[in-house]
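K.L.:
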Amino acid sequence: MFRNNYDNDSVTFSPQGRIFQVEYALEAIKQGSVAVGLVSKTHAVLVALKRNAEELGSYQKKIIGIDTHLGVALAGLAPDARVLSNFMRQQSMSSRLLYSRPVPISRVVNAIADKAQVNTQHYGRRPYGVGLLVAGVDETGPHLWEFQPSGMVLEYKGAAIGARSQSARTYLERAFEEFVDSSREELVLHGLKALRDSLAQDKELTVANTTVSVVGIGENFKLYDGDEVGEWLEKLGNVQSSRGGRTGEEAAESMDTSE
Amino acid sequence: MFRNNYDNDSVTFSPQGRIFQVEYALEAIKQGSVAVGLVSKTHAVLVALKRNAEELGSYQKKIIGIDTHLGVALAGLAPDARVLSNFMRQQSMSSRLLYSRPVPISRVVNAIADKAQVNTQHYGRRPYGVGLLVAGVDETGPHLWEFQPSGMVLEYKGAAIGARSQSARTYLERAFEEFVDSSREELVLHGLKALRDSLAQDKELTVANTTVSVVGIGENFKLYDGDEVGEWLEKLGNVQSSRGGRTGEEAAESMDTSE
Amino acid sequence: MFRNNYDNDSVTFSPQGRIFQVEYALEAIKQGSVAVGLVSKTHAVLVALKRNAEELGSYQKKIIGIDTHLGVALAGLAPDARVLSNFMRQQSMSSRLLYSRPVPISRVVNAIADKAQVNTQHYGRRPYGVGLLVAGVDETGPHLWEFQPSGMVLEYKGAAIGARSQSARTYLERAFEEFVDSSREELVLHGLKALRDSLAQDKELTVANTTVSVVGIGENFKLYDGDEVGEWLEKLGNVQSSRGGRTGEEAAESMDTSE
Amino acid sequence: MFRNNYDNDSVTFSPQGRIFQVEYALEAIKQGSVAVGLVSKTHAVLVALKRNAEELGSYQKKIIGIDTHLGVALAGLAPDARVLSNFMRQQSMSSRLLYSRPVPISRVVNAIADKAQVNTQHYGRRPYGVGLLVAGVDETGPHLWEFQPSGMVLEYKGAAIGARSQSARTYLERAFEEFVDSSREELVLHGLKALRDSLAQDKELTVANTTVSVVGIGENFKLYDGDEVGEWLEKLGNVQSSRGGRTGEEAAESMDTSE
Amino acid sequence: MFRNNYDNDSVTFSPQGRIFQVEYALEAIKQGSVAVGLVSKTHAVLVALKRNAEELGSYQKKIIGIDTHLGVALAGLAPDARVLSNFMRQQSMSSRLLYSRPVPISRVVNAIADKAQVNTQHYGRRPYGVGLLVAGVDETGPHLWEFQPSGMVLEYKGAAIGARSQSARTYLERAFEEFVDSSREELVLHGLKALRDSLAQDKELTVANTTVSVVGIGENFKLYDGDEVGEWLEKLGNVQSSRGGRTGEEAAESMDTSE
Amino acid sequence: MFRNNYDNDSVTFSPQGRIFQVEYALEAIKQGSVAVGLVSKTHAVLVALKRNAEELGSYQKKIIGIDTHLGVALAGLAPDARVLSNFMRQQSMSSRLLYSRPVPISRVVNAIADKAQVNTQHYGRRPYGVGLLVAGVDETGPHLWEFQPSGMVLEYKGAAIGARSQSARTYLERAFEEFVDSSREELVLHGLKALRDSLAQDKELTVANTTVSVVGIGENFKLYDGDEVGEWLEKLGNVQSSRGGRTGEEAAESMDTSE
Amino acid sequence: MFRNNYDNDSVTFSPQGRIFQVEYALEAIKQGSVAVGLVSKTHAVLVALKRNAEELGSYQKKIIGIDTHLGVALAGLAPDARVLSNFMRQQSMSSRLLYSRPVPISRVVNAIADKAQVNTQHYGRRPYGVGLLVAGVDETGPHLWEFQPSGMVLEYKGAAIGARSQSARTYLERAFEEFVDSSREELVLHGLKALRDSLAQDKELTVANTTVSVVGIGENFKLYDGDEVGEWLEKLGNVQSSRGGRTGEEAAESMDTSE
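Spelled out as structure tokens, the structure:
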């Protein structure tokens with residue numbers, strides 16, 4: 001019933017100093033399916049829950065490789081994520097052309113952050129409706145960053161975004177001591193456990209709905225999709241179900257693909 | 001009665017993180033007549049229901065050839081589809097000029113997706129009011145993609161858009177096992193059966209209202225229109241009726257042509 | 001009483017996916033006096049009802065020659081039609097200059113369609129408020145197209161636009177079998193009969209209110225106006241009345257000239 | 001009381017396909033004092049009623065010479081008429097420079113029509129608030145055109161615009177048979193009689209309020225103002241009154257000068 | 001109480017064809033102190049009432065010299081007048097540079113008129129809030145023009161603008177026969193008498209509140225301010241009062257300076 | 001309660017010809033602490049009341065040196081004053097570079113006036129929210145000007161702007177006869193007395209809250225701040241209090257610094 | 001309930017001369033965690049309270065190094081601070097390139113102030129939602145400035161911004177006499193004490209939530225973060241607690257990171 005007078009564009013402050021359109025953009029992220037990132041001393045891992053648009057369709061990409069040392073997981077509006085990841089690819093290519101080196105993770109993360117901030121301060125644009133977890137390795141080791149539509153970027157040891165991501169964060173907080181010193185394999189399994197904790201009650205991780213990526217010191221970014229995910233799930237002791245039916249939970253996650 | 005305050009342009013998020021103008025654009029697609037696409041290991045097929053604007057008029061084009069390896073089926077605002085298909089043709093020509101090869105299907109699909117995303121993030125434009133099924137063959141084989149006004153693109157084995165398209169999707173899901181390994185002819189017939197399932201009760205497929213296109217490995221995009229469709233309908237065992245009268249169903253599909 | 005919130009510009013979809021400003025532009029066409037077009041295997045004919053702005057004034061042009069192989073009939077806002085026909089003339093001249101040939105009919109028709117579509121997707125413009133029937137002959141024979149403000153263009157064998165045009169369409173549908181194979185003269189007479197069927201009850205075709213144009217294979221676009229129309233009306237057996245008084249019907253058609 | 005939602009700019013159609021801002025611009029013309037134009041086989045004449053802004057002021061120009069073969073009479077916003085007549089002068093000079101000939105009347109008339117149409121289709125402008133009668137002679141003889149803010153232009157044998165112009169039109173319709181074949185002098189007198197018929201009851205034509213212009217085959221555009229008009233009024237048998245008082249009628253015509 | 005829907009910008013016509021923002025700009029002129037202009041066969045004179053912003057301040061300039069043959073008196077927003085007079089100075093300098101002659105009065109007057117008209121037809125500007133009397137001498141003799149925010153310019157023998165200017169106009173109308181043939185001195189005195197008639201009852205002309213300018217054939221524009229005005233007031237038989245107090249009348253005239 | 005419809009931007013006149021946004025900008029000046037200026041035959045003096053943002057902070061600059069012959073005192077929005085004074089510095093440097101002389105005071109004052117006027121006539125800007133007193137010496141002697149957001153500039157012998165400035169003006173009017181012929185020292189003391197008259201009852205001038213500047217014929221602009229002000233206050237017989245507490249009066253003056 | 005009509009953009013004055021959007025931007029600063037700055041004769045110190053976005057995340061940067069002689073502490077929208085600090089870095093690099101010297105503190109501070117002022121006077125932008133404390137050393141010694149979204153900048157001896165900063169200011173005012181002459185170490189400790197006074201009751205300074213920076217004459221800007229802060233806290237006698245739980249106070253400070 002109440003008509004908020006300050007939430008129609010991102011260039012208007014509310015009397016409390018809030019920018020509502022930026023806050024609403026965060027809601028778009030919460031509609032997306034969950035993505036989890038975590039780093040050890042040697043590796044950075046992203047795992048994410050894909051949603052199947054239709055039986056006959058491919059899964060919406062939840063993890064996107066940017067360069068050999070760098071990838072992102074997304075939650076929210078997939079077309080916005082594509083724009084941002086294309087931009088990151090250009091930044092990465094520029095770095096290789098101009099400086100003959102992979103772009104440092106913090107640099108490329110700040111580049112999209114600055115790009116996003118512009119959309120929160122100029123009339124006629126809208127904030128990006130997507131959150132990103134950026135995982136990569138550069139001369140200073142493995143890194144994980146979270147990007148938000150406000151232009152906020154923060155480095156994390158472990159992070160989760162999207163629907164029900166609080167459960168994943170809780171897992172990561174509890175397991176922090178363990179995973180920071182873990183091996184490559186253990187790190188992935190910690191990620192999958194965090195992801196599993198975010199599932200709805202009647203759901204489980206399958207080769208069909210799970211994506212995994214790993215990048216490490218001296219090891220290129222690798223994406224595990226479809227059957228390749230099977231080996232990880234087996235290690236998790238999580239035998240893939242043959243259930244093909246779709247659940248209400250997936251419908252709720254539909255923003256990643258439907259817009 | 002209820003006045004939604006967040007649905008007047010595509011640069012405003014609702015408090016729930018939705019962009020209503022993009023959702024409304026999807027409604028324009030649902031007003032269009034049905035189009036179906038499906039791929040086997042060797043071919044990609046599009047079939048679509050044309051609507052006859054008037055007894056004396058040509059049918060609105062539902063399938064448009066883009067290049068020798070590529071075509072699209074549309075549902076929604078035909079003028080918007082023309083703009084997008086012209087853009088695809090330019091992309092395709094550029095690829096042949098610059099790289100001396102047909103444009104890869106995923107590349108041209110992402111090009112229109114990026115073009116469409118811009119209209120969802122800049123004031124003074126509107127999202128495209130049309131959905132596309134893009135069928136083509138490139139070095140990686142046959143492909144089928146669905147394009148949406150949000151800038152969303154997803155690859156499918158089988159897909160359907162437009163009015164009553166759910167029935168076609170249901171057919172495709174049931175027949176999936178069969179058609180992925182089928183021959184060229186069987187693939188077209190599966191497409192026509194899916195299309196037929198989407199017809200209103202008192203309607204049937206005729207040479208006048210059906211369009212078919214096929215593209216395959218080593219086989220150029222071919223459009224079957226008018227009498228050429230007859231051979232396919234015969235194989236379907238669907239003798240063309242001589243009914244000339246127009247039905248209410250067709251009136252409901254009028255958006256493809258009237259705007 | 002009801003205030004529609006989605007009909008103030010052409011870059012806003014209604015919740016049902018409609019663009020009302022485009023639909024309102026169609027209304028401007030319905031206010032114009034009727035124009036009829038039809039094609040045989042050898043000729044394309046346009047006939048139209050002129051309205052007399054004043055006793056002392058010339059008639060508003062209802063048929064405009066574009067090139068020796070091409071002309072248009074209009075219903076709706078005459079100044080908008082002039083802009084579009086000037087644009088067609090430029091396209092036609094470009095074709096002759098660059099390619100040394102008359103512009104193909106479908107090409108010039110698509111050029112105005114694209115121009116019109118832009119006005120339906122960019123803020124600060126309005127759709128053209130005019131419908132056109134485009135008749136011409138090119139290497140593929142005689143053609144008739146209808147252009148709408150949405151950017152929709154469709155090829156027809158026979159078409160009619162403007163006030164009371166449904167009656168003309170009904171005639172054309174009934175006479176279709178006859179006129180497609182008819183001679184040049186018969187084709188014109190079929191057009192005039194269709195036009196006559198669209199007149200208000202107390203009206204008849206006269207040399208003063210009727211315009212005729214013909215273009216054919218090997219025959220340049222020719223416009224019959226004023227006395228030249230007399231020979232056609234005589235053949236129709238329609239002796240021109242001397243009635244000079246103006247009727248209410250004409251007042252209703254005033255949009256062609258008054259704006 | 002009723003708030004019309006579609007009449008605030010010229011890029012919005014009403015649900016009936018009307019553009020109200022263009023219609024309102026026509027009202028500005030009706031506020032101007034009357035102007036009359038008429039043509040014979042050899043001459044084109046403009047006569048107009050000037051209004052005296054103040055006793056001490058010059059009369060607002062109602063007839064403006066554009067070139068030696070061309071002039072205009074105006075009703076409505078005088079500054080808008082100045083912009084348009086300056087534009088016509090440029091067109092005329094261009095024609096002499098580029099083609100070494102006076103600009104054809106229809107060409108210059110269409111040039112201002114196109115210029116005016118732009119203001120009816122782009123946001124942030126308003127339609128011109130003035131109507132023009134354009135009288136001139138070119139290789140095809142004498143011509144009279146009426147220009148309207150919509151971008152409408154029509155050729156006439158006799159026309160009248162401005163307050164109470166219907167009475168002048170009625171005269172012209174009755175006298176049509178006579179004046180089309182009349183001599184130069186008779187043509188002017190017919191114009192003055194038409195003008196006189198449009199006067200308020202207590203008014204008469206005087207050397208102070210009447211302007212006359214004539215252009216003919218082989219005869220340059222000539223403007224009769226002030227005392228020069230006397231000879232014409234004498235021939236009309238209209239002795240100039242010495243009345244100096246201003247009447248309510250003149251106040252009503254104030255738009256020509258006050259804005 | 002009544003909310004006028006058509007008076008918020010100068011690009012919207014009211015249903016009666018009025019442009020209210022232009023009319024409101026005229027009100028700004030009426031808030032300014034009075035200025036009077038008049039011409040004889042040899043001279044053009046401007047006289048104006050200055051208002052004293054404060055005891056300690058200079059008077060707001062009411063008459064501004066543009067060139068040796070040209071000056072203006074203003075009523076309304078002084079900053080707008082400064083913009084226009086700067087523009088006139090540029091026009092005047094251009095004329096001297098390009099054509100080696102003083103700019104003709106009608107030309108420079110039409111230049112500001114065209115500049116002002118633009119502000120009445122493009123969104124995002126406002127009309128100038130000032131009226132000008134332009135007095136000058138060129139090859140055709142002495143001239144007086146009135147400029148209005150609408151872009152209207154008219155030549156006068158005598159004119160007055162600003163608060164209570166009607167009384168001055170009444171004087172000029174009565175004295176017209178005398179001053180048109182008067183000497184330089186008589187012309188100034190007629191101007192001062194007209195100005196005096198516009199004063200509030202308890203006010204008189206003083207060296208402090210009166211400005212006079214004269215330009216004539218063979219005589220450069222000369223401004224009489226402060227003590228120089230004394231000689232004129234003495235000839236008028238108007239002994240300057242020593243009253244220093246400010247009156248309500250002056251407060252009412254504050255727009256010339258306060259904005 | 002009353003909603004004014006004409007006060008939202010500076011390009012809209014009210015029906016009375018007022019521009020409310022310009023008037024509101026004047027209110028911002030009234031929120032600033034008082035500044036006083038006065039000139040004798042040889043010197044121009046500015047004195048102003050600084051407000052202490054915090055105990056630990058510097059005072060907001062109330063007087064700003066522009067060049068060796070020129071300075072300004074401000075009341076209102078300090079950031080706007082900084083923009084204007086930077087602009088004056090550029091003008092001053094240009095003059096020295098191009099003409100090898102200090103910029104004349106009236107020229108630089110008119111330059112900011114023109115810059116300010118633009119903001120009152122173009123949409124999307126706001127008027128400057130600051131008033132300036134400009135004091136300087138050029139070839140024509142010492143000058144004092146007042147600048148207002150409307151683009152109004154007037155020369156004064158004595159002027160005061162800001163909160164409670166009326167009391168200072170009253171002093172200056174009474175002391176006018178004395179200070180115009182006074183010595184440098186006397187002129188400063190007159191300025192301080194005027195400033196003192198504008199203080200709230202429980203306030204006095206101190207080295208902490210008073211700024212003084214002097215510029216004279218053959219004497220560069222000099223700013224007295226902090227302890228340097230002590231000598232002036234002693235001459236005024238105003239022993240500096242040790243009061244450190246802040247008063248309500250200062251809070252009321254907060255606009256100079258808080259925005 | 002009350003709808004303020006003047007607070008939707010930063011180019012509209014309220015009737016009281018206020019710009020509400022600028023005031024609302026100040027509210028964003030108050031939502032940020034506290035930052036304190038103070039200077040002695042030799043050093044400039046910044047200390048700030050970091051908030052931990054999540055257990056697993058890095059702290060949002062509260063102090064950012066700009067150059068070897070210069071750094072900033074922020075409260076409010078972190079992305080806006082990043083834009084401003086990037087701009088300061090460019091200014092600093094330009095100074096070194098063009099003038100071969102570190103940029104003077106007042107110059108770089110005025111540069112961001114001018115940049116910020118533009119956003120308060122042009123439509124379509126919003127004021128920056130962040131306050132900055134700028135600490136640096138240049139040829140004139142150590143300096144501390146506060147920057148506000150209005151474009152206001154003021155130099156301070158001690159200042160504090162953000163939530164509960166009034167307590168820190170109160171400390172600084174009381175300790176002013178001491179710290180202005182203090183040693184480097186004492187200055188930092190004074191800063192930490194001021195910071196501690198701003199903590200919520202159940203909070204204390206820890207190596208996890210405290211940041212310290214020092215820059216001095218002949219001493220480069222140094223940032224103490226994490227364990228490095230331990231030495232300072234020990235000197236403060238503030239043994240770091242092991243409390244890891246998050247408090248309500250931190251949630252209230254969330255704006256620094258969440259937007």
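Chains as they are written, first to last, in UniProt numbering: chain Z, 1 to 259; chain X, 1 to 259; chain L, 1 to 259; chain Y, 1 to 259; chain W, 1 to 259; chain V, 1 to 259; chain U, 1 to 259.
Just so you know, even glycine gets a beta-carbon here, dropped at the ideal spot from N, CA and C.
#1: Helix, strand or coil for A200 of chain Z, going by three-state DSSP, please let me know.
#2: I need the boundaries of the beta strand (DSSP E) containing V118 of chain W, first residue and last residue.
#3: Tell me whether the beta-carbon of L187 of chain Y lies closer than 8 Å to the beta-carbon of G65 of chain Y.
#4: Determine the burial state of G71 of chain V: buried for a count of at least 16 other Cβ atoms within 10 Å of its Cβ, exposed for fewer.
#5: For the candidate residues Y:A163, Y:R184 and Y:N220, whose alpha-carbon lies nearest to that of R51 of chain Y?
#6: CB G57 of chain V to CB A159 of chain V, shorter than 8 Å?
#7: Which class does residue 280 of chain L belong to by DSSP, given the choice of helix, strand or coil?
#8: Verify the CB distance criterion: does E146 of chain W have a CB-CB separation below 8 Å to chain V?
#9: Whole angstroms are fine: how far does the CA of E177 of chain X sit from the CA of R184 of chain X?
#10: Using CA coordinates, which residue listed in Y:G17, Y:I29, Y:P15 and Y:Q16 is at the minimum distance from P15 of chain W?
#11: Once DSSP output is grouped into helix, strand and coil, what is the label at D67 of chain Y?
#12: If contact means a Cβ-Cβ distance below 8 Å, which residues of the region 158–170 of chain Z contact chain U?
#13: Would you kindly work out how many angstroms separate the C-alpha atoms of D181 of chain V and P127 of chain U, rounded to a whole number?
#14: Work out the CA separation of I217 of chain Y and R96 of chain Y for me, nearest whole Å.
#15: Count the other CB atoms, across all protein chains shown, that sit within 10 Å of the CB of R101 of chain Z; report buried if there are 16 or more and exposed otherwise.
#16: Which residues mark the beginning and the end of the alpha helix (DSSP H) in which A160 of chain W is found?
#17: Using three-state DSSP, classify T206 of chain W as helix, strand or coil.
#18: Using a Cβ cut-off of 7 Å, pull out every chain X residue sitting near L56 of chain Z, in sequence order please.
#19: By Cβ distance below 6 Å, which residues in the same chain neighbour R169 of chain Y in space, the five residues on each side in sequence not counted?
#20: Please report the straight-line C-alpha distance between S150 of chain L and A113 of chain L, rounded to a whole angstrom.
P.N.:
Looking at the atomic coordinates:
#1: Counting from 1 along the first sequence, the entry for residue 200 of chain Z is found at position 200. Note: A200 of chain Z maps to coil in three-state DSSP.
#2: Taking the first residue of the fifth sequence as position 1, residue 118 of chain W is located at position 118. Element bounds for V118 of chain W: not the beta strand (DSSP E) but the alpha helix (DSSP H), I105 to V118.
#3: Taking the fourth sequence and counting its residues from 1, one reaches residue 187 of chain Y at position 187. Taking the fourth sequence and counting its residues from 1, one reaches residue 65 of chain Y at position 65. Cβ atoms of L187 of chain Y and G65 of chain Y: not closer than 8 Å.
#4: What you label residue 71 of chain V is simply residue 71 of the sixth sequence in a count that begins at 1. Buried: at least 16 other Cβ atoms inside 10 Å.
#5: The sequence position of residue 51 of chain Y within the fourth sequence is 51, counting from 1. The candidate whose alpha carbon is nearest that of R51 of chain Y is Y:A163.
#6: Numbered from its first residue, the sixth sequence carries residue 57 of chain V at position 57. Numbered from its first residue, the sixth sequence carries residue 159 of chain V at position 159. No, these two residues do not count as a Cβ contact at 8 Å.
#7: Since the first residue of chain L shown is 1 and the last is 259, residue 280 of chain L is not available in this structure.
#8: Locating residue 146 of chain W in the fifth sequence gives position 146, counting from the first residue. Judged by the 8 Å Cβ criterion, E146 of chain W is not in contact with chain V.
#9: Numbered from its first residue, the second sequence carries residue 184 of chain X at position 184. Numbered from its first residue, the second sequence carries residue 177 of chain X at position 177. Taking the straight line from one Cα to the other gives about 15 Å.
#10: As a working note, residue 15 of chain W is residue 15 in the fifth sequence. The shortest C-alpha separation from P15 of chain W is found at Y:I29.
#11: If you number the fourth sequence from 1, residue 67 of chain Y lands on position 67. In the structure shown, D67 of chain Y sits in a strand (DSSP, three-state: E or B).
#12: Flagged, chain order: G158, A159 and R169.
#13: If you number the sixth sequence from 1, residue 181 of chain V lands on position 181. If you number the seventh sequence from 1, residue 127 of chain U lands on position 127. Spanning the alpha carbons of D181 of chain V and P127 of chain U requires a straight line of approximately 48 Å.
#14: Translated into the one-based positions of the fourth sequence, residue 96 of chain Y becomes position 96. Translated into the one-based positions of the fourth sequence, residue 217 of chain Y becomes position 217. Their backbone Cα atoms lie some 18 Å apart in a straight line.
#15: Translated into the one-based positions of the first sequence, residue 101 of chain Z becomes position 101. Taking every protein chain shown into account, the CB of R101 of chain Z has fewer than 16 other CB atoms within 10 angstroms, so this residue is exposed.
#16: As a position in the fifth sequence, residue 160 of chain W is number 160, starting the count at 1. First-last for A160 of chain W: G158 to I161, but that is the beta strand (DSSP E), not the alpha helix (DSSP H).
#17: Counting from one through the fifth sequence, the residue named residue 206 of chain W turns up at place 206. Three-state result, T206 of chain W: coil.
#18: For the purposes of this step, residue 56 of chain Z is taken as the residue at position 56 of the first sequence. Y156, K157, G158, A159, L172, E173 and F176, listed in chain order.
#19: Counting from 1 along the fourth sequence, the entry for residue 169 of chain Y is found at position 169. Within the same chain, A160 come within 6 Å of R169 of chain Y by CB-CB distance, once the 5 residues on both sides are set aside.
#20: Stepping through the third sequence from its first residue, residue 150 of chain L is reached at position 150. Stepping through the third sequence from its first residue, residue 113 of chain L is reached at position 113. If you take the alpha carbons of S150 of chain L and A113 of chain L, they lie about 8 Å apart.
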